[in-house]
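Before any comments, here is the structure.
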Amino acid sequence: MLKINTVDETLWSVVKHAISKLGYVDCIVYLKVNNELIQKAAYGPKNPKEFDIINPIKLKLGEGICGSVAITGKSELITDTSIDPRYKVDDEMRFSEITVPILSNNEVIGIIDSEHPDKGFYEDQDLKILETIASMVSIKLAQAQAQEKLLQHKDELEKKVEESTIELKKTIKKLELSNKEIQRKNNEKKTLLKEVHHRVKNNLQIVSSLLNLNANKIENKEAQNIFIDCQTRVKSMSLIHEQLYGEKDFSKIDVKKYIEEFTQTLMRSYNISDKIIVEHHIEKIFYNLNVSVPFGLILNELMSNSLKYAFPEGEGVISVYLKKQDGKIVLKIQDNGCGFNLKMTKKNTLGLELVETLSEQIGGTFWIESSEKGTNCELKFPI
1 MLKINTVDET LWSVVKHAIS KLGYVDCIVY LKVNNELIQK AAYGPKNPKE FDIINPIKLK
61 LGEGICGSVA ITGKSELITD TSIDPRYKVD DEMRFSEITV PILSNNEVIG IIDSEHPDKG
121 FYEDQDLKIL ETIASMVSIK LAQAQAQEKL LQHKDELEKK VEESTIELKK TIKKLELSNK
181 EIQRKNNEKK TLLKEVHHRV KNNLQIVSSL LNLNANKIEN KEAQNIFIDC QTRVKSMSLI
241 HEQLYGEKDF SKIDVKKYIE EFTQTLMRSY NISDKIIVEH HIEKIFYNLN VSVPFGLILN
301 ELMSNSLKYA FPEGEGVISV YLKKQDGKIV LKIQDNGCGF NLKMTKKNTL GLELVETLSE
361 QIGGTFWIES SEKGTNCELK FPI
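Taking our numbering as reference, the numbering of the sequence shown is continuous, increasing by one, and the terminal residue is 383.
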């Protein structure tokens, strides 16, 4: 029995290798399953060949002598079954019966039952032998049941893992399809947004060209300057869309790159002398589009003022500073020019009024001072 692994192998071993040696004509081994006793192995008339059982029956606990022993857990030796009302005929009537429980941890897990046609056939010695066999088989049977239960749990677990894996693969497949669809739509949006920036840039360039064309036709210098001022404002916005069109991220502007490029645009627009130098002291900062357009217009007004009015002799330095400080972005524009009258400038020009309006729009504050030593401007707004 040491090499036997399953419950069925264990029970058949009892009848094939133990009961058959005792000279009994009949023996049945029952297994307790839930609240029933099930015939699992047989020796004698009910086992005509190999591991077959003819008409295997089931007994409820308490039914027949076997059912009674399953409840009490105590062996019984019946010398005359004809006078025992509990007796239950299986394949044929027999007058002697001996029934022994298989116990594990004081709990009945099976029954060994033998019947004989003669009355008083079994003796106390038979009872001791069957109880010894039952004691020996109980350990192996309990181990086999535990092993089968473990294998059952293993199979159930493997099945659940397999089902979960299949479900996971389905979910992953759905996510992959969903991601592809999201990527497709995202690419469509990027293409559309890129086209929008391209068209806006082109339209603004057309406006700028029209303003330039009209400015060249006007002989009045003051009127011409108004057109040029409008043109630089349009260019400040056009350059933003041009930069967005050329970038992978359509939501942010590289401000350092923007200021450097826009400075060159302004200097060409106003035909500025090479003797006017613009110095940049700019940190690497990115703005979103909502901030970039008003920021570009503010930069245009402040830079234009210095380029147009600060250096009547055509020589000087403009310094542009941009940095993050105390949770805000700080823009400073300084020149060492001749300065100007702030009251007269605010009264007669649109530029500074526009700067103040745009500063409020982005939640910022604007400050400016001017003297004969030059002009200092400062804009602060939240990051």
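Note that beta-carbon positions come from the ideal geometry of N, C-alpha and C, so glycine has one too.
task: Could you tell me the boundaries of the beta strand (DSSP E) in which Lys60 lies?
output: Residue numbering aside, residue 60 sits at position 60 when the sequence shown is read from its first letter. Run containing Lys60: Lys58 to Lys60, per the beta strand (DSSP E) assignment.
message: Among Asp326, Ile28 and Thr263, whose alpha-carbon lies nearest the alpha-carbon of Ser306?
response: The sequence position of residue 306 within the sequence shown is 306, counting from 1. Minimum Cα-Cα distance from Ser306 among the listed residues Asp326, Ile28 and Thr263 corresponds to Thr263.
task: In the DSSP assignment, find the unbroken alpha helix (DSSP H) run with Val15 in it and report its ends.
output: For the purposes of this step, residue 15 is taken as the residue at position 15 of the sequence shown. Counted as a single uninterrupted DSSP element, the alpha helix (DSSP H) harbouring Val15 occupies residues Val7 to His17.
- prompt: By Cβ distance, which residues of its chain are closer than 7 angstroms to His280, with the 5 residues on each side in sequence left out?
  reply: Against the sequence shown, residue 280 aligns to sequence position 280. Shown here for His280: same chain residues with a beta carbon closer than 7 angstroms to its own, the five before and five after excluded, namely Ile259, Glu260 and Val320 in chain order.
- request: May I ask you to report which of helix, strand or coil DSSP gives Gly327?
  value: Reading the sequence shown from its first residue, position 327 is the one you call residue 327. Gly327 falls in the coil class under three-state DSSP.
- prompt: For the candidate residues Asn212, Met303 and Val15, whose alpha-carbon lies nearest to that of Ile272?
  reply: Along the sequence shown, read from residue 1 onward, the residue named residue 272 stands at position 272. If we check each option's Cα against that of Ile272, Met303 comes out closest.
query: Which value, in whole angstroms, describes the spacing of the CA atoms of Val278 and Val317?
result: In the sequence shown, residue 278 corresponds to position 278, counting from 1. In the sequence shown, residue 317 corresponds to position 317, counting from 1. Val278 and Val317: Cα-Cα distance of roughly 6 angstroms.
Rounded C-alpha distance that separates Asn212 from Lys221: Residue 212 sits at position 212 when you count from the first residue of the sequence shown. Residue 221 sits at position 221 when you count from the first residue of the sequence shown. The alpha-carbon atoms of Asn212 and Lys221 are separated by roughly 13 angstroms.
query: In the structure shown, what three-state DSSP assignment does Glu219 receive?
result: Position 219 of the sequence shown holds residue 219. Note: Glu219 maps to coil in three-state DSSP.
- prompt: Hey, quick one: how far does the beta strand (DSSP E) through Cys27 stretch, first residue to last?
  reply: Taking the first residue of the sequence shown as 1, we reach residue 27 at position 27. That run of the beta strand (DSSP E) goes Cys27 to Val33.
- prompt: So, Ser114 versus Ile98, is the Cβ gap smaller than 7 angstroms?
  reply: Taking the first residue of the sequence shown as 1, we reach residue 114 at position 114. Taking the first residue of the sequence shown as 1, we reach residue 98 at position 98. The answer is yes: Cβ separation under 7 angstroms.
- request: Alpha carbon to alpha carbon, how far is Leu177 from Asp254? Give it in angstroms, no decimals.
  value: Here residue 254 refers to the residue found at position 254 when the sequence shown is read from its first residue. Here residue 177 refers to the residue found at position 177 when the sequence shown is read from its first residue. Roughly 34 angstroms between the two C-alpha positions.
message: The beta strand (DSSP E) that contains Lys257, what's its start and end?
response: Position 257 of the sequence shown, counting from 1, holds the residue named residue 257. First-last for Lys257: Val255 to Ser269, but that is the alpha helix (DSSP H), not the beta strand (DSSP E).
task: For Ile57, collect the residues of the same chain with a Cβ closer than 7 angstroms to its Cβ; drop the 5 residues on either side in sequence, then sort them by chain order.
output: Numbered from its first residue, the sequence shown carries residue 57 at position 57. The residues are Gln39 and Asp90.
- prompt: Hey, Ile329 and Ile282: beta-carbon distance below 7 angstroms or not?
  reply: Walking along the sequence shown from the start, residue 329 turns up at place 329. Walking along the sequence shown from the start, residue 282 turns up at place 282. With contacts defined as CB atoms closer than 7 angstroms, Ile329 and Ile282 fail to qualify as a contacting pair.
task: Determine the contact status of Phe381 and Gly364, defining contact as a CB-CB distance below 7 angstroms.
output: In the sequence shown, counting from the first residue as 1, residue 381 sits at position 381. In the sequence shown, counting from the first residue as 1, residue 364 sits at position 364. In contact: Phe381 and Gly364 (Cβ atoms closer than 7 angstroms).
- prompt: How many Å lie between Leu2 and Phe121 at the Cα?
  reply: For the purposes of this step, residue 2 is taken as the residue at position 2 of the sequence shown. For the purposes of this step, residue 121 is taken as the residue at position 121 of the sequence shown. Per-residue confidence for Leu2 stands at a pLDDT of 45, beneath the threshold of 50, marking its modelled position as unreliable; no derived number is given.
- prompt: Could you check where the beta strand (DSSP E) with Asn376 kicks off and where it finishes?
  reply: Looking up residue 376 in the sequence shown gives position 376. Segment Gly374 to Pro382, the beta strand (DSSP E) holding Asn376.
- request: Apply the 10 Å Cβ neighbour rule to Ile218 and answer buried if 16 or more other Cβ atoms are within range, or exposed otherwise.
  value: The sequence position of residue 218 within the sequence shown is 218, counting from 1. Ile218 should be labelled exposed.
Leu297: first and last residue of the uninterrupted alpha helix (DSSP H) it sits in: Indexing the sequence shown from 1 puts residue 297 at position 297. Here the alpha helix (DSSP H) through Leu297 covers Leu289 to Tyr309.
query: If you count every other CB in all the chains shown that lies within 10 Å of the CB of Ala18, and 16 or more means buried, which is it?
result: Taking the first residue of the sequence shown as position 1, residue 18 is located at position 18. When all chains shown are included, Ala18 counts as buried.
query: Do Pro101 and Val108 have their C-beta atoms within less than 7 angstroms of each other?
result: Your numbering for residue 101 matches position 101 in the sequence shown. Your numbering for residue 108 matches position 108 in the sequence shown. Cβ atoms of Pro101 and Val108: closer than 7 angstroms.
- prompt: Does the beta-carbon distance from Cys66 to Ile133 come in below 7 angstroms?
  reply: Here residue 66 is taken as the residue at index 66 of the sequence shown, counted from 1. Here residue 133 is taken as the residue at index 133 of the sequence shown, counted from 1. Taking 7 angstroms as the cut-off, the beta carbon of Cys66 is found no closer than this to the beta carbon of Ile133.
- prompt: Got a sec? Which residues, its chain only, sit under 7 angstroms from Val137 by beta carbon, not counting five neighbours each side?
  reply: Locating residue 137 in the sequence shown gives position 137, where the first residue counts as 1. Counting only Cβ-Cβ distances below 7 angstroms, and skipping sequence neighbours, we find Thr10, Val14 and Ile102.
Val355 (DSSP reduced to helix, strand or coil): For this step, residue 355 is matched to residue 355 along the sequence shown. Of the three classes helix, strand and coil, the one that applies to Val355 here is helix, per DSSP.
query: With DSSP run on the structure shown, which of helix, strand or coil describes Phe340?
result: For this step, residue 340 is matched to residue 340 along the sequence shown. Residue state, collapsed to three classes: coil.
Assumed close pair Leu358, Leu289 - CB separation to whole angstroms, cut-off 8 angstroms: The count along the sequence shown starts at 1 and reaches residue 358 at position 358. The count along the sequence shown starts at 1 and reaches residue 289 at position 289. Contact doesn't hold; Cβ gap of about 15 angstroms is too wide.
message: Quick check on Gln231: buried or exposed, where buried means 16 or more other Cβ atoms within 10 Å of its Cβ?
response: Position 231 of the sequence shown, counted from the first residue, corresponds to residue 231. In summary, Gln231 is buried, with 16 or more beta-carbon neighbours lying within 10 Å of its beta-carbon over all protein chains present.
query: Among Ile362, Pro294, Glu123 and Ile333, which residue has its Cα nearest to the Cα of Asn22?
result: The residue you call residue 22 lines up with position 22 of the sequence shown. In the sequence as presented, Asn is not what sits at residue 22; that position holds Leu. Checked all of Ile362, Pro294, Glu123 and Ile333; the closest Cα to Leu22 is Glu123.
CB of Leu379 within 7 angstroms of CB of Leu331, strictly: Residue numbering aside, residue 379 sits at position 379 when the sequence shown is read from its first letter. Residue numbering aside, residue 331 sits at position 331 when the sequence shown is read from its first letter. The Cβ atoms of Leu379 and Leu331 sit closer than 7 angstroms to each other.
field: Of the residues Ala223, Gly62 and Lys174, the one placed nearest Pro85, counting alpha carbons only
entry: The residue labelled residue 85 in the question sits at position 85 within the sequence shown. Of all alpha-carbon atoms in Ala223, Gly62 and Lys174, the one lying nearest the alpha-carbon of Pro85 is that of Gly62.
query: How far does the alpha helix (DSSP H) with Thr72 in it reach, from first residue to last?
result: As a working mapping, residue 72 is identified with position 72 in the sequence shown. Segment Gly64 to Thr72, the alpha helix (DSSP H) holding Thr72.
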